[in-house]
Every structure is written in structure tokens, then in C-alpha cells.
Amino acid sequence: MAAARLGLPDLGDGVGLREPHFAHLMAAAPSAWGVDWFEIITENFLDHAGYAAHVLEVVAAHRPVVMHGVSLSIGGADPLDRVYLDKLAALAERVKPAWISDHLCWTGVAGINTHDLLPMPLTKAALDHVVDRIKAVQDRLGRPLILENPSTYLRFRASQMPEWEFLARMAEAADCGLLLDVNNVHVSAFNHGFDPLAYIDALPAERIVQVHLAGPSDLGTHLLDTHDAPVPDAVWPLYARAQARTGGVSTLLEWDAKIPAWPDLLAELAKARLVREGRSPGLGADRADRAEGAIRVHG
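Everything in the sequence shown is counted per my numbering, starting at -8 for the first residue and increasing by one.
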């Protein structure tokens, strides 16, 4: 693993650690797992001392692990949850993650967690607010925080800048990293009618430490980020652009519903290597042409 941006390594190709695969991972030798690293949903392992914690301990002893949270609410109006941050730090002390990530969003108000990643108004005031909170979290954790671009389904009239500019300015001002979810770029670009390649090109490549791949649901009028299907054709060119711009960063395949068997998951992950090598991930010529066209603006 070569050192990369923010002093964080390129971990290679990884998958999420999910309960349907626990039995396979515990029965197989680590040398036969077929992945370079694992990402956990942080909240699934906070205050957890059961079998899942045992599986995580075994996995972390043999592979790098990244903690990926969904409840930090970095954009929220409530004060930062110090109890949550203490638990986050305690889990990190046990797991020794390569890094800790979450999302550019807010998740609730008045102490109520909606368990959803809610979009933010992209204003200067919101930017200043988020930067201050990122700095506070990084000070508490003693490590850089990596923030992911969300999938969005609405935009605020009050917004003063595009999301890519907000992320770029945020990463520089807070000295944090970015988790570029190219599926989320695809989803939001389709939903709002912007150019996904322009989004990727506008981000500071030196701040991108990880890429997410996933499959959304096509509901006709909009895409919904469901993580329950193979990576769509239109996402692979975005992934190729992101890897070319960064020079190569850790890739994570997300699959959180209708989770396939382990060999099928690895087969989907293997497409990422083909794309990085400039080869087709199994598209026919006509499908490849459609994928290339699909990364342009949707309206």
C-alpha cells in the first residue's frame, strides 16, 4: 500500500462488512476472502459486544478496516453529540481504522435522529458552520475526517454555490478528506440535470481518499440511491475519470439490500479493476455507447 493524499494509503478494492457474509468469512481462510479491505457501518458496531463484534475483530486482524458513519450529522443545527463522538473514538481505539468517514448532511433536529441523510442548503453560512464542526470532530478524534457527497432529491432556493464547489471549499478550509461516491454523483446529476463529469473534475483530487461504487433504482422520473443492484453502466466512466484524476484511490463496492452471494459480490467488484486497466467491465459496444452518452446532463 503506497502512501497517498493526507498521508492515507490506497487500500485497494474492498466491500462492506455485512451480516449475510459473516458465516462465509468465518469459515474461509483470510487468504481466500478475495478482497483487500472492509468498510463497516459504524453505528452497527457501537455498544455491540455480540457475534458481529467478534467477526469484526477477526476481520480487523487480517485486513484494513474503515469506519463509515451515518449519524454524525455534521451539517446539523444541534450541538455535536459528544456522547456519540466518545463512542466513535472508543470504537476507533479497538478497530484501529485506516480512517473514519461520514456524509455531508444533517440527520435530525432537537435530538431526534431521522436515520436519513438530509440535504443541506449550499450557502456560505452553512459552509462556515460545517467547517467549524469538522475541525471540532477532527480535534476530538485526533485524525482527519473523510466526508462523502450525498445523493440528493431536492435543492434549496437559498443555495449560493453548486455542491462540488461547497465540497472543495469545505475540504480546503477544514483540512479534511473527501469520499467521492460516483454513484451518488450519477444519481444527483440525473435528478437535478447537471454534468457529472464537471462535478468530478471540480473536486480537489488531492483531497479524495476513497471512492464508492453502488447501484441505484431507476424510478423513471428520478434515481433513488438504494445500494441493491449492480453498478449501472453510466457510473463506470465516472469511476474511470475519478481514478484517473486521483492517480488511484481506495475503491469500495456498497451493497446493502438484496445482498448477493459472496462470489457474485466479488465478480462485481472485479469490474472496478478492469475499468482502472482501461478495459470494459462487460459492456457490449452498443451498451458502452449508451453508457458514455448517459454521463452527460440529464434534464
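Every residue, glycine too, gets a C-beta built ideally from N, C-alpha and C.
* Count the other CB atoms within 10 Å of the CB of G184; is the residue buried (16 or more) or exposed (fewer)? -> As a working mapping, residue 184 is identified with position 193 in the sequence shown. It is exposed - the Cβ of G184 has fewer than 16 other Cβ atoms within 10 Å.
* Same chain only: Cβ atoms within 6 Å of H12, ignoring 5 sequence neighbours per side -> For the purposes of this step, residue 12 is taken as residue 21 along the sequence shown, with counting starting at 1. Excluding residues within five positions, the ones whose Cβ falls inside 6 Å are W253.
* Which first and last residues belong to the alpha helix (DSSP H) in which Q151 is found? -> Position 160 of the sequence shown holds residue 151. That residue, Q151, is in no alpha helix (DSSP H); it is neither H nor E in DSSP.
* In chain order, what residues of the same chain have a beta carbon less than 7 Å from the beta carbon of L118, not counting five sequence neighbours either side? -> The count along the sequence shown starts at 1 and reaches residue 118 at position 127. Here the set comprises F157, R160, M161.
* To do: Using three-state DSSP, classify P187 as helix, strand or coil.
  => As a first step, residue 187 must be located in the sequence shown, where it is residue number 196. Of the three classes helix, strand and coil, the one that applies to P187 here is helix, per DSSP.
* Asked: What does a CB cutoff of less than 7 Å around E259 pick up in its chain, not counting 5 residues either side in sequence?
  -> In the sequence shown, counting from the first residue as 1, residue 259 sits at position 268. If we look at E259 and ignore the five residues flanking it on each side, its Cβ neighbours are P221, V222, L244.
* Going straight from the alpha carbon of V122 to that of L136, what length do you get? -> Looking up residue 122 in the sequence shown gives position 131. Looking up residue 136 in the sequence shown gives position 145. Distance between the alpha carbons of V122 and L136 is about 11 Å.
* Inter-residue Cα distance where the pair is A101 and G25 -> Position 110 of the sequence shown, counted from the first residue, corresponds to residue 101. Position 34 of the sequence shown, counted from the first residue, corresponds to residue 25. Roughly 44 Å separates the two Cα atoms.
* To do: Throw me the rounded Cβ distance for the V202 and V226 pair, which I believe falls under 8 Å.
  => As a working note, residue 202 is residue 211 in the sequence shown. As a working note, residue 226 is residue 235 in the sequence shown. Between V226 and V202 the Cβ distance is about 10 Å, and since that is not below 8 Å, they are no contact.
* For G99, write down the residues that DSSP places opposite it in a beta bridge. => If you number the sequence shown from 1, residue 99 lands on position 108. N104.
* Residues in its own chain within less than 7 Å of A231 by CB, not counting five upstream and five downstream? -> Numbered from 1 along the sequence shown, position 240 holds the residue referred to as residue 231. For A231, where only same-chain residues beyond five positions count, the Cβ hits under 7 Å are V266.
* To do: Whole angstroms is fine: what's the gap from D72's alpha carbon to E268's?
  => Here residue 72 corresponds to residue number 81 of the sequence shown, with the count starting at 1. Here residue 268 corresponds to residue number 277 of the sequence shown, with the count starting at 1. Looking at the two C-alpha atoms, the distance is approximately 43 Å.
* When DSSP labels each residue in this structure, what does V128 get in the three-state scheme? -> By one-based count along the sequence shown, residue 128 stands at place 137. In the structure shown, V128 sits in a helix (DSSP, three-state: H, G or I).
* Could you have a look at P135 and say whether DSSP puts it in helix, strand or coil? => One-based indexing of the sequence shown puts residue 135 at position 144. Note: P135 maps to coil in three-state DSSP.
* Asked: Taking DSSP as the reference, what is the three-state secondary structure of G168?
  -> In the sequence shown, residue 168 corresponds to position 177, counting from 1. Note: G168 maps to strand in three-state DSSP.
* Between the CA atoms of M152 and V86 - distance to the nearest angstrom -> Translated into positions along the sequence shown, residue 86 becomes position 95. Translated into positions along the sequence shown, residue 152 becomes position 161. If you take the alpha carbons of V86 and M152, they lie about 37 Å apart.
* Thinking R170 and S92 are a contact (beta carbons under 8 Å), I'd like their distance in whole angstroms, please. => Translated into the one-based positions of the sequence shown, residue 170 becomes position 179. Translated into the one-based positions of the sequence shown, residue 92 becomes position 101. Note that residue 170 corresponds to Leu in the displayed sequence, not to Arg. Indeed they touch by this definition, with Cβ atoms about 5 Å apart.
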